[in-house]
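Only one structure is covered here, and it is reproduced in the block below.
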Amino acid sequence: MKPRVRFAPSPTGYLHIGGARTALFNWLYARHTGGTFILRIEDTDAARNSQEAVEVILSGLRWLGLDWDEGPIVEQASSLCDSPTQQKLTGKMPVPLSKGNFGPYFQSQRKANYLARVEALLSRGLAYEHEGAVKFKMQREPVTIHDLVVGDVVRKLTDREEVDPDFVILRSDGQPVFHLVNVIDDLEMDITHVIRGEDHLSNTAKHIALFQAFGVKPPHYAHIPLILNGDGSKMSKRDTGASLTGYLDEGFLPEAVINYLCLLGWSPKDNREKLSRAEVIERFDLPQILRHNARFDYEKLLWLQGEYARELADDRFYELAVHAFAKAGMDTNKFPLPYVKAALDTCKGKFKLFSELPAYAGFYFRDEIIYNADDAKKVFIPENKPRLEKLRDAFAALTPFNAATLETALKETAKQLGVKAGVLIHPTRLAATGNPNGPSLYHLLEVLGKEKSLARIEKALANF
RNA sequence: GACCCUAUGGUCUAGCGGUUAGGACACUGCCCUUUCACGGCGGUAGCUCGGGUUCGAUUCCCGAUAGGGUCGCCA
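Start counting the first sequence at 100; every next residue gets the next number (the working numbering).
Listed below in structure tokens is the structure:
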């Protein structure tokens with residue numbers, strides 16, 4: 100039988116990076132084994148449940164490219180959309196729809212099942228009413244959990260459970276609780292493998308007992324280690340970097356995020372770090388999952404981001420770049436397309452995050468150049484003024500105004516002045532871009548064109 | 001507090017009784033580039049501690065310590 104695995108998030112309005120990793124591992128296992136990946140929305144908590152909150156999850160998974168075989172049906176959304184909440188999942192759909200033969204995949208639509216199951220437990224004496232709620236009669240003996248990652252775990256009773264091991268499965272307001280619905284759905288959806296965070300390991304004893312009460316063999320469990328903050332503390336909602344959406348907003352590439360997430364808690368064991376999606380699917384399996392928690396290393400993610408950013412196909416690179424400028428309030432559409440492309444070509448491979456791009460190359464699309472104060476103090480000095488004037492004259496005489504002629508002219512001028520090229524390069528760069536670093540000076544001037552370049556040098560001369 | 005999981009450089013990891021303990025990120029030196037980035041060649045830095053088992057432990061066992069998790073009418 101082909102594995103049936105599921106990712107079962109609850110719509111809280113954001114998708115935790117650890118949740119995304121759990122989804123990824125489930126998806127990878129399904130794809131590796133040729134099994135089925137199921138997305139189930141655990142929206143039993145009506146207070147927190149909303150269409151927008153569901154959409155945060157769906158758009159997050161879509162952005163990562165984690166497609167599900169069974170689960171909610173959604174409209175296609177642009178992978179570039181920044182705010183998932185702006186996307187309309189169900190503008191026309193009052194009730195979320197599902198695909199798959201085990202639906203619906205929203206727990207809010209499955210309540211009758213839960214109540215029937217509770218009735219069955221009640222009638223068989225396996226549960227009882229207590230202060231208006233229904234409690235499950237939990238066994239008093241230790242439960243052995245056969246975990247595919249951790250191994251056999253004998254879960255003994257805690258001191259509290261020694262007093263009362265039973266737990267509520269139906270609240271006094273009639274709402275079923277997580278442990279119950281989670282088990283019933285896994286059971287009714289024929290889930291074969293439950294891959295989830297290690298934070299569920301202790302509670303698995305309850306789940307196993309519930310499966311047994313329903314007379315069904317529990318699924319295989321695989322508890323994966325947690326993702327911690329860089330300082331080793333628990334990564335909670337308010338920590339920066341905890342939300343998947345944040346990475347989208349910062350201009351990360353989904354392939355970089357996916358690749359990095361794979362490396363947290365799983366290893367291909369052959370020293371490979373950068374792996375394509377197909378390579379990971381081929382190599383991924385439960386035994387290679389590690390048992391200890393991993394700290395999130397933003398720097399390493401950034402490295403991977405740079406790797407993928409450098410090899411981006413031109414079309415996608417332009418699209419993402421234009422989008423990044425638009426987000427920063429700069430409309431590149433006001434400029435001729437060849438100019439925009441030429442400008443962006445000088446930046447490719449030189450920056451990592453698209454959110455950096457407006458600051459890195461904004462000078463191409465802005466008339467007002469704001470000089471970096473520290474650098475201006477260093478290079479806009481009196482002895483450089485006549486040098487820059489001489490260079491301006493040399494540039495002004497250039498007939499083909501391109502990178503090659505600019506370089507020759509600059510070096511020739513430097514030679515005549517008896518100074519190193521850098522003495523001319525720095526003030527010129529600052530005049531043209533306002534920054535001490537950026538794309539190749541000669542190429543950037545070529546893109547800017549003779550008129551603009553000379554005008555900027557002229558303007559800088561007034562600042563000495 | 002009880003119960004559970006875990007422990008290799010700063011971080012992610014390879015290792016599965018005998019290795020000069022390997023790789024990657026980060027840091028750093030040099031080269032390349034008269035910016036930045038990329039690339040190339042080097043470098044600093046590691047088996048948490050204490051007992052066992054063994055001829056021999058990073059590796060196996062026990063304990064301690066540390067970190068994380070669970071003990072809800074949250075999920």
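Ideal placement from N, C-alpha and C gives every residue a C-beta, glycine not left out.
Apart from the five residues on each side of it in sequence, which residues of its chain come closer than 7 angstroms, Cβ to Cβ, to Asn333?
-> Per the sequence shown, the amino acid found at residue 333 is Lys instead of Asn. Closer than 7 angstroms at Cβ, skipping near neighbours: Leu327.
Just how far apart, CA to CA, sit Lys558 and Glu550?
-> About 12 angstroms.
Please determine if the region 225 to 234 and the region 161 to 175 are in contact, where contact requires at least 3 C-beta pairs separated by less than 8 angstroms.
-> Because the criterion of three Cβ pairs below 8 angstroms is not met, the region 225 to 234 and the region 161 to 175 do not touch.
Contained alpha helix (DSSP H) runs [length at least 4] in the region 288 to 346, N- to C-terminal order | Fully enclosed alpha helix (DSSP H) runs of 4 or longer: 303 to 312.
Kindly provide the ranges of any alpha helix (DSSP H) runs that are 4 or more residues long and lie completely inside the region 137 to 167, ordered along the chain.
-> List check, alpha helix (DSSP H) in window: 150 to 163.
Buried versus exposed call for Ala341 [16 or more other C-beta atoms within 10 Å across all chains shown] | Result: buried.
Could you check which residue in Val356, Gly350, Glu287 and Gly202 has the C-alpha nearest to that of Leu123?
-> For Leu123, the nearest C-alpha among the options comes from Val356.
Give me the Cα-Cα distance between Asn200 and Cys361, rounded to the nearest whole angstrom.
-> Approximately 30 angstroms, taken between the alpha carbons.
Apart from the five residues on each side of it in sequence, which residues of its chain come closer than 8 angstroms, Cβ to Cβ, to Ala475?
-> Cβ neighbours of Ala475 beyond the five flanking positions: Leu529 and Asn562.
Could you please give the first and the last residue of the uninterrupted beta strand (DSSP E) stretch that includes His229?
-> His229 -> beta strand (DSSP E) spans Ala226 to His229.
Using 8 angstroms as the threshold, is the region 108 to 116 in touch with the region 147 to 156, meaning 3 or more CB pairs across them?
-> Three or more beta-carbon pairs drawn from the region 108 to 116 and the region 147 to 156 are found closer than 8 angstroms, and the two stretches are therefore classed as touching.
For Thr498, name the three-state secondary structure that DSSP assigns.
-> If DSSP states are grouped into helix, strand and coil, Thr498 belongs with coil.
From Leu138, Val217 and Glu372, residue whose alpha carbon lies closest to that of Lys204 | In the sequence under discussion, the amino acid at residue 204 is Tyr, which differs from the Lys named in the question. Taking only the C-alpha atoms, the option nearest Tyr204 is Leu138.
So what's His391 in DSSP terms, helix, strand or just coil?
-> The answer is coil: DSSP assigns His391 none of H, G, I, E or B.
Return yes when at least one heavy atom of the ligand MG lies under 7 angstroms from the C-beta of Pro538, else no.
-> This structure lacks the ligand MG, and indeed carries no ligand of any kind.
Contacting residues, own chain, Cβ-Cβ under 8 angstroms from Ser335 (five flanking each side not counted) | So the list reads Ala341, once near-sequence residues are dropped.
Buried or exposed: Asn483, going by 16 or more other Cβ atoms within 10 Å of its Cβ?
-> Buried.
Alpha carbon of Asp284 to alpha carbon of Lys433, nearest angstrom | If you take the alpha carbons of Asp284 and Lys433, they lie about 54 angstroms apart.
Starting from Thr532 and walking both ways along the alpha helix (DSSP H), at which residues does that stretch end?
-> From DSSP, the alpha helix (DSSP H) with Thr532 extends over Ala520 to Thr532.
Are the beta-carbon atoms belonging to Leu456 and Phe450 less than 8 angstroms from one another?
-> Less than 8 angstroms divides the Cβ of Leu456 from the Cβ of Phe450.
May I have the straight-line CA-CA distance separating Thr132 from Ile388, to the nearest angstrom?
-> About 16 angstroms.
Use the C-beta contact count for Glu545: other C-beta atoms within 10 angstroms, 16 or more gives buried, fewer gives exposed.
-> Classification of Glu545: buried, given that the 10 Å Cβ count is 16 or more.
Examine the Cβ distances between the region 266 to 276 and the region 317 to 325 and report whether three or more of them are shorter than 8 angstroms.
-> No, because fewer than three Cβ pairs between the region 266 to 276 and the region 317 to 325 fall closer than 8 angstroms, the two stretches do not touch.
Are Phe235 and Ile268 close, meaning C-beta to C-beta below 8 angstroms?
-> Taking a C-beta distance under 8 angstroms as the contact criterion, Phe235 and Ile268 qualify as a contact pair.
For Lys316, count neighbouring Cβ atoms within 10 angstroms of its own Cβ and tell me buried if that reaches 16, exposed if not.
-> Its Cβ having fewer than 16 others within 10 Å, Lys316 is exposed.
Going by the CB atoms, is the gap between Ile380 and Ile307 shorter than 8 angstroms?
-> Taking 8 angstroms as the Cβ cut-off, Ile307 and Ile380 do not qualify as a contacting pair.
Is the region 483 to 495 close to the region 504 to 524, with three or more CB pairs under 8 angstroms?
-> The region 483 to 495 is in contact with the region 504 to 524.
Among Glu506, Leu543, Leu509 and Pro386, which has the Cα closest to the Cα of Lys447?
-> Sorting Glu506, Leu543, Leu509 and Pro386 by C-alpha distance to the C-alpha of Lys447 places Leu543 at the top.
Got a sec? Which residues, its chain only, sit under 7 angstroms from Arg254 by beta carbon, not counting five neighbours each side?
-> Answer for Arg254: Pro241, Val242, Ile244, Ser301 and Ala304, listed in chain order.
Endpoints, the alpha helix (DSSP H) within which His542 is located = Start and end: Leu540 to Leu547.
Whole-angstrom distance between Arg295 and Val217, CA atom to CA atom | Those two C-alpha atoms are separated by around 25 angstroms.
Can you list, in chain order, the residues of its chain whose CB lies under 7 angstroms from that of Lys101, leaving out five sequence neighbours each side?
-> Cβ neighbours of Lys101 within its own chain (closer than 7 angstroms, five residues either side excluded): Thr132, Gly133, Gly134 and Thr135.
Reducing DSSP to helix, strand and coil, say where Glu455 ends up.
-> Helix.
Glu398, buried or exposed, once every other Cβ within 10 Å from all chains shown has been counted against 16 | By the 10 Å Cβ count, Glu398 comes out exposed.
For Gly170, which option in Val104, Tyr213, Ala226 and Gly224 has the closest C-alpha, if you only look at C-alpha atoms?
-> The candidate whose alpha carbon is nearest that of Gly170 is Val104.
Only counting runs of 4 or more residues, tell me where the alpha helix (DSSP H) segments fall wholly within the region 352 to 432, in order along the chain.
-> Listed in chain order, the complete alpha helix (DSSP H) runs (minimum 4 residues) inside the region 352 to 432 are 353 to 362, 376 to 382, 397 to 409 and 413 to 426.
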